[in-house]
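Residue numbers (full-length UniProt numbering): 1 to 367.
Just so it is clear, CB atoms sit at the ideal spot from N, CA and C, and this is done for glycine as well.
Note that the structure is predicted; figures quoted are calculated from it, not measured.
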Ligand SMILES: [Zn+2]
Ligand SMILES: [Zn+2]
């Protein structure tokens, strides 16, 4: 089925088939995570273990946000080999699949955002784009377009391919064994309490925080930068994910290391990248200039921008929870756009970056 001849949207008549081993696996994982929460709430682990778990949850999150997302997927800055090794290690600690697959899925998500080519198409509702996509067989477009996503930079990086090859033993050692073993060996915890709290609870918590970027940050919020894009601005998701919830900005300027207009507000990963730059591990940080951002807001924004928006659009917004100075988190009357894309898809690395349709067509015919 050649995809290049038509636009890509969402076929609502298509029913995703459940992949039962994953569905049952995620159910069991969440039950074990809840057991880990019970261990915490009933005083099953001491303060040192709680601090340790907080620490590894944080560094693993940087492995995802700074490492997998802002560096490996979007190449928003350049990194020294040592920096790449650290980010890969932290990303393994998070246990969210190997770097190669994580980035391929995320590149696909941006190219064909909110259509059937997007692995977690938010047009199919909160449950599907949050966790449901991992419990269903992939849409045929996801499989076909996934093969065409350019991953040559990742294939050329031996560290990425090493992690891909040995992912399961690395996962076992870094995501499971080390987080669990440290409290047993150093803080005298029972290994079962440590397993349930430091592995299952932490894992389920951080997975759900990451998934909020695909669900809540595509559904509940405002679109001050581009109202033609489904993703929204959400301070809550930013709070949960070290700054990944300024998602309307991020999809409008995916190559910006800040993944937000401002690096100073609920954007810990931007601060972390600046820190990496300061100690010489990161360089050539890419960012959209204030003029380019202002032009975009005026040209395509929904009018809710805190500075360049208008009263009428801002009045259409109702906040749920505490009001963030830059943006409330919910909108009632501003409608989500229809996502219908051309085969060349949306940019990933710079403003004019789209797929070469002629090359795609040739590949499709050859396949
Ligand atoms: Zn997104
Ligand atoms: Zn992204």
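Just reading off the alpha helix (DSSP H) that residue i is part of, what are its end residues?
{"i": "residue 49", "result": "47-62"}
{"i": "residue 312", "result": "311-315"}
{"i": "residue 160", "result": "158-165"}
{"i": "residue 144", "result": "140-148"}
{"i": "residue 296", "result": "290-300"}
{"i": "residue 23", "result": "20-41"}
{"i": "residue 155", "result": "152-155"}
{"i": "residue 130", "result": "126-130"}
Suppose you measure from the CA of residue i to the CA of residue j; what does that come to, to the nearest Å?
{"i": "residue 383", "j": "residue 25", "result": "With the chain running from 1 to 367 in the structure shown, residue 383 is simply not present."}
{"i": "residue 159", "j": "residue 179", "result": "23 Å"}
{"i": "residue 139", "j": "residue 99", "result": "22 Å"}
{"i": "residue 9", "j": "residue 353", "result": "20 Å"}
{"i": "residue 132", "j": "residue 19", "result": "10 Å"}
{"i": "residue 315", "j": "residue 306", "result": "12 Å"}
{"i": "residue 324", "j": "residue 233", "result": "With a pLDDT of only 47 at residue 324, under the threshold of 50, the placement of this residue in the model should not be trusted; the figure read from the coordinates follows. Each residue's alpha carbon lies about 11 Å from the other."}
{"i": "residue 347", "j": "residue 22", "result": "31 Å"}
{"i": "residue 189", "j": "residue 47", "result": "11 Å"}
{"i": "residue 297", "j": "residue 311", "result": "15 Å"}
{"i": "residue 202", "j": "residue 44", "result": "15 Å"}
{"i": "residue 276", "j": "residue 84", "result": "11 Å"}
{"i": "residue 309", "j": "residue 208", "result": "32 Å"}
{"i": "residue 172", "j": "residue 196", "result": "15 Å"}
{"i": "residue 147", "j": "residue 185", "result": "45 Å"}
{"i": "residue 51", "j": "residue 59", "result": "12 Å"}
{"i": "residue 175", "j": "residue 49", "result": "16 Å"}
{"i": "residue 86", "j": "residue 278", "result": "16 Å"}
{"i": "residue 191", "j": "residue 289", "result": "51 Å"}
{"i": "residue 149", "j": "residue 107", "result": "7 Å"}
{"i": "residue 300", "j": "residue 261", "result": "15 Å"}
{"i": "residue 17", "j": "residue 143", "result": "14 Å"}
{"i": "residue 42", "j": "residue 134", "result": "32 Å"}
{"i": "residue 317", "j": "residue 151", "result": "40 Å"}
{"i": "residue 251", "j": "residue 30", "result": "30 Å"}
Rank the options by C-alpha distance to the C-alpha of residue i and give the top, closest one.
{"i": "residue 228", "options": "163, 196, 338, 235", "result": "338"}
{"i": "residue 40", "options": "278, 299, 56, 193", "result": "193"}
{"i": "residue 216", "options": "231, 226, 91", "result": "231"}
{"i": "residue 15", "options": "93, 29, 136", "result": "136"}
{"i": "residue 118", "options": "130, 141, 134, 126", "result": "141"}
{"i": "residue 271", "options": "28, 70, 85, 56", "result": "70"}
{"i": "residue 28", "options": "350, 200, 309", "result": "200"}
{"i": "residue 61", "options": "51, 13, 205, 152", "result": "205"}
{"i": "residue 255", "options": "351, 197, 167, 212", "result": "351"}
{"i": "residue 292", "options": "303, 225, 278, 355", "result": "225"}
{"i": "residue 56", "options": "257, 167, 130, 198", "result": "198"}
{"i": "residue 212", "options": "67, 191, 120, 278", "result": "120"}
{"i": "residue 155", "options": "110, 304, 73", "result": "73"}
{"i": "residue 13", "options": "116, 110, 349, 249", "result": "116"}
{"i": "residue 274", "options": "290, 7, 149, 257", "result": "257"}
{"i": "residue 66", "options": "340, 259, 235, 152", "result": "259"}
{"i": "residue 7", "options": "107, 112, 54", "result": "112"}
{"i": "residue 167", "options": "64, 151, 95, 349", "result": "95"}
{"i": "residue 68", "options": "30, 210, 152, 287", "result": "210"}
{"i": "residue 82", "options": "251, 129, 157", "result": "157"}
{"i": "residue 53", "options": "181, 286, 355", "result": "181"}
{"i": "residue 130", "options": "214, 252, 64", "result": "214"}
Entirely within the segment 70-99 and at least 3 residues each: give me those beta strand (DSSP E) ranges in chain order. none
The segment 229-242 in contact with the segment 262-275 per 3-pair CB rule at 8 Å: yes
Does the contact criterion of 3 or more C-beta pairs under 8 Å hold for the segment 59-78 versus the segment 270-284? yes
Are three or more beta carbon pairs between the segment 25-36 and the segment 241-252 nearer than 8 Å? No, the segment 25-36 does not touch the segment 241-252.
Could you name each continuous alpha helix (DSSP H) segment of 4 residues or more that falls completely within the segment 233-285, going from the start of the chain to the end? 235-240, 247-252, 268-278
Counting only runs that start and end within the segment 183-236, where is the alpha helix (DSSP H) found for 4 or more residues in a row? 191-194, 202-214, 216-219
Count Cβ pairs between the segment 96-112 and the segment 151-166 that sit closer than 8 Å; are there 3 or more? Output reads yes: the segment 151-166 touches the segment 96-112.
Whether or not the segment 101-119 and the segment 219-228 are in contact is what I'm after, with contact meaning three or more pairs of Cβ atoms, one per stretch, closer than 8 Å; do they touch? no
Are there three or more Cβ pairs, one per stretch, closer than 8 Å when the segment 121-129 is compared with the segment 78-94? no
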